[in-house]
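Engineer: With mature numbering (1 follows the signal peptide of the UniProt record, and there is no 0) as the guide, the letters of the sequence shown map in order to residues -23 to -1, 1 to 392.
Every residue, glycine too, gets a C-beta built ideally from N, C-alpha and C.
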Amino acid sequence: MRHAWLKSSLALAITVAATSASANGIAINEQSASGMGTGFAGRSSSAEDASTLFGNPAGMSRLDRTEVSGGAALIMAKTDIDNASGSATGTNDGDMVPTSVIPFGYLVTPLNDRWHAGIGVYAPFGVISDYEDSFQGGGHGRYSKVQVVTLQPTLSFQVNDRISVGFGPTINHISGKLTSAFGNGEVNIKGDDVGYGFNAGVLVDVTDQLAWGLTYHSKVDYTLDGRTRLNNLPGPAAGANGEYDANLDFTTPESVDTSLTFELDPQWTLYAGATWTRWSRLDKIVVENDGVAAPFQPNFSEIEEPLNWEDTWAFAVGAAYQIAPQWTLRTGFTVDQSPVGDSDRTVRIPVSNRKVFSLGAGWDVSQDMTIDVAYSYLHESKGKIEQAAKSSTGSYNADYRNSAHGLSSQVTYRF
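1) What did DSSP end up calling THR56 once you bin it into helix, strand or coil?
2) Quick one: is MET13 buried, meaning 16 or more other Cβ sit within 10 Å of its Cβ, or exposed?
3) Check THR43 in the structure and name its three-state DSSP category.
4) Going by alpha carbons, who is nearest to GLY36 out of MET73, GLU25 and LEU384?
5) Pull up the distance between the alpha-carbon of LEU(-14) and that of VAL312, whole angstroms please.
6) Given GLY203, which residues of its chain have a CB within under 6 Å of its CB, disregarding the five upstream and five downstream residues?
7) What distance in whole Å lies between the Cβ atoms of GLN387 and ASP349, which are believed to be in contact at a cut-off of 8 Å?
8) Quick one, are the C-beta atoms of THR76 and TYR120 less than 9 Å apart?
9) What first and last residue would you give for the beta strand (DSSP E) that runs through GLY153?
10) What are the start and end residues of the beta strand (DSSP E) that includes GLY116?
11) Just how far apart, CA to CA, sit GLY174 and SER9?
12) Count the CB pairs spanning the segment 176 to 185 and the segment 138 to 148 that are closer than 8 Å, and state whether there are at least three.
13) Since ILE58 and ALA301 should fall inside the 8 Å C-beta cutoff, what is the C-beta to C-beta distance between them, to a whole number of angstroms?
14) Whole angstroms are fine: how far does the CA of MET73 sit from the CA of GLY118?
15) Going by DSSP, name the residue or residues bridged to ASP222.
16) For residue 394, which residues does DSSP report across the bridge?
17) Using a Cβ-Cβ cut-off of 7 Å (strictly less than) and excluding sequence neighbours within five positions of TRP256, which residues of its own chain qualify?
18) Is it true that the CB of LEU132 sits closer than 9 Å to the CB of ALA94?
19) So is PRO130 buried or exposed if we call it buried at 16+ other beta carbons inside 10 Å?
20) So what does DSSP say about ALA375, is it helix, strand or coil?
21) State yes or no: is the C-beta of LEU259 within less than 9 Å of the C-beta of LEU284?
22) If you measure between the beta carbons of LEU355 and ASN379, is that distance less than 9 Å?
23) For the segment 61 to 70 against the segment 37 to 50, do three or more pairs of beta-carbon atoms, one drawn from each stretch, fall closer than 8 Å, so that the two count as touching?
24) Taking contact to mean 3 or more Cβ pairs, one atom from each stretch, closer than 8 Å, check whether the segment 321 to 328 and the segment 336 to 352 are in contact.
25) So for LEU284, helix, strand or coil by DSSP?
26) On a Cα-Cα basis, can you pick out the residue from LEU306, VAL183 and GLY116 that is closest to TRP245?
27) Per DSSP, what kind of secondary structure is ALA214 in: helix, strand or coil?
28) Quick check on the burial criterion: 16 or more other C-beta atoms within 10 angstroms. Buried or exposed for LEU210?
29) What does the alpha-carbon distance come out to for the pair PHE239 and GLY16?
30) Find the nearest neighbour of THR192 within the set VAL123, GLY160 and THR254, judged by alpha-carbon distance.
31) Under three-state DSSP, which class holds PRO327?
32) Identify the residues that DSSP records as bridge partners of LYS167: which are they?
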């Protein structure tokens, strides 16, 4: 008997889509409250504060003093499941994404007239989904949690009065956990690893009013080491009950972000940006399990899972208005393609095309301190799921509608 359910569960443990974040796929956008207010439309071309270390490391050259900037985003997601059917029985409550907090922090300091140094901690990828125990589609996925935390030391260099460049290696820790139903039993998978990459950028003042930026976030390769625990599997599968060493090769994709910032007049600033992400790296992944006894060894020793994700584009426009010397109001609108189509969408990857509306404000409390706040509303198109039966797992069909509210705050102090 071919245990296709375990095959897909292991593979998708790390590739679950993040319905809780404003970027599509498993990417997270919430690394800056000042950027969130404009829908991240000018992320690579404006250096509002030390969070530019992530948005475009070249932007550190625009900061005149040492800056410490930190904050967090609160994400409240909602999922409605309609028209559910399948060979199994159960509930379809939806709302499987718990309220999440995403912190971030940065420090940037000038070294001399041309060089700046900085360090940042942020989350570029992550997801958590937690269906009820009685979920009708629980055989295709019940609980998933993936976190990536990145540490980025960075340098920037001002080439001349109009051009600066920046570069920073990234040290990335990934961890994941998955539990799913298998008949009356459960499969529990854990794993983690550290991977290395880099971020690089260029920032050009095309004119005194117009700035252009380009940022490259590299891919990161991981080999997650962990274990697969099979508990109370029924029938012939009971012979596989136990705990096994497992490893999974996985790559988070590279992305390219480019944007324009145009200072229309002393009050108005306009932004436009585009981001390309190479999600096609998630074409398939291979899971290897050690020590699985016969007759299960042919099924579990090496497991290949097709994902068929596609490269995506996201586009954003935004504006900022300085209503008073100490106050700046912001707004933005973003459209973001889904990396997965109807034929490949699953309960673990229920994302669709997204639209995000953003509002924000910045308050200069003094020359040394700024407080930024932002709000965003994310709305997805309806996503259809049609998953066929696998081994002891029944078929499952449903319509998913995802939305989320995001709140972010950030404090920047200069000295």
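Structural biologist: Short version:
1) As a first step, residue 56 is located in the sequence shown; it is residue number 79 there, counting from the start. THR56: strand per DSSP, three-state reduction.
2) Looking up residue 13 in the sequence shown gives position 36. When all chains shown are included, MET13 counts as buried.
3) Translated into the one-based positions of the sequence shown, residue 43 becomes position 66. THR43: coil per DSSP, three-state reduction.
4) Translated into positions along the sequence shown, residue 36 becomes position 59. Of the candidates MET73, GLU25 and LEU384, the one whose C-alpha sits nearest the C-alpha of GLY36 is GLU25.
5) The residue you call residue -14 lines up with position 10 of the sequence shown. The residue you call residue 312 lines up with position 335 of the sequence shown. In this prediction, LEU(-14) scores a pLDDT of 39, lower than 50, which makes its location untrustworthy; the coordinate-derived value is nonetheless stated afterwards. Distance between LEU(-14) and VAL312, taken at the CA atoms: about 31 Å.
6) Locating residue 203 in the sequence shown gives position 226, where the first residue counts as 1. Excluding five sequence positions before and after GLY203, the CB atoms of its chain that fall closer than 6 Å to its own CB belong to LYS167, GLY168 and ALA223, given in chain order.
7) The residue you call residue 349 lines up with position 372 of the sequence shown. The residue you call residue 387 lines up with position 410 of the sequence shown. About 4 Å separates the two Cβ atoms, so the contact holds.
8) On the sequence shown, residue 76 is found 99 positions in, with the first residue counted as 1. On the sequence shown, residue 120 is found 143 positions in, with the first residue counted as 1. No, they are not a contact pair.
9) Numbered from 1 along the sequence shown, position 176 holds the residue referred to as residue 153. Annotation for GLY153: the continuous beta strand (DSSP E) segment containing it runs 140 to 159.
10) In the sequence shown, the residue the question calls residue 116 occupies position 139. Looking at the DSSP string, GLY116 is not in any beta strand (DSSP E), and its letter there is neither H nor E.
11) Here residue 174 corresponds to residue number 197 of the sequence shown, with the count starting at 1. Here residue 9 corresponds to residue number 32 of the sequence shown, with the count starting at 1. Between GLY174 and SER9, the C-alpha separation is close to 21 Å.
12) Verdict: yes, contact present.
13) Working through the sequence shown from its first residue, we reach residue 58 at position 81. Working through the sequence shown from its first residue, we reach residue 301 at position 324. About 46 Å separates the beta carbon of ILE58 from that of ALA301, a gap too long to meet the 8 Å contact definition.
14) Taking the first residue of the sequence shown as position 1, residue 118 is located at position 141. Taking the first residue of the sequence shown as position 1, residue 73 is located at position 96. Looking at the backbone, the Cα of GLY118 and that of MET73 are separated by about 11 Å.
15) Working through the sequence shown from its first residue, we reach residue 222 at position 245. The secondary-structure analysis by DSSP pairs ASP222 across a beta bridge with ARG204 and ASP267.
16) Residue 394 lies beyond the range of the chain shown here (-23 to 392); nothing can be said about it.
17) To locate residue 256, count along the sequence shown from 1; it is residue 279. Here the set comprises GLY2, PRO230, TRP286, GLU287, ASP288, THR289 and PRO316.
18) Here residue 94 refers to the residue found at position 117 when the sequence shown is read from its first residue. Here residue 132 refers to the residue found at position 155 when the sequence shown is read from its first residue. Yes, these two residues count as a Cβ contact at 9 Å.
19) The residue given as residue 130 occupies position 153 in the sequence shown. Around the beta carbon of PRO130, a 10 Å sphere encloses fewer than 16 other beta carbons of the protein chains shown; the residue is thus reported as exposed.
20) Mapped onto the sequence shown, residue 375 falls at position 398. ALA375: strand per DSSP, three-state reduction.
21) Stepping through the sequence shown from its first residue, residue 259 is reached at position 282. Stepping through the sequence shown from its first residue, residue 284 is reached at position 307. Yes.
22) Indexing the sequence shown from 1 puts residue 355 at position 378. Indexing the sequence shown from 1 puts residue 379 at position 402. Yes. Within cutoff.
23) Between the segment 61 to 70 and the segment 37 to 50, the count of C-beta pairs closer than 8 Å stays below three; the two stretches do not touch.
24) Output reads no: the segment 336 to 352 does not touch the segment 321 to 328.
25) Counting from 1 along the sequence shown, the entry for residue 284 is found at position 307. LEU284: coil per DSSP, three-state reduction.
26) For the purposes of this step, residue 245 is identified with residue 268 of the sequence shown, where counting begins at 1. Cα-wise, what sits closest to TRP245 is LEU306.
27) Within the sequence shown, numbered from 1, the residue matching residue 214 stands at position 237. Helix, per DSSP.
28) The sequence position of residue 210 within the sequence shown is 233, counting from 1. By the 10 Å Cβ count, LEU210 comes out buried.
29) If you number the sequence shown from 1, residue 239 lands on position 262. If you number the sequence shown from 1, residue 16 lands on position 39. The straight-line gap from Cα to Cα measures roughly 16 Å.
30) Here residue 192 refers to the residue found at position 215 when the sequence shown is read from its first residue. Closest option to THR192, Cα to Cα, is THR254.
31) By 1-based counting over the sequence shown, the position of residue 327 is 350. Note: PRO327 maps to coil in three-state DSSP.
32) Your numbering for residue 167 matches position 190 in the sequence shown. Note: LYS167 sits in a beta bridge opposite LYS154 and ARG204.
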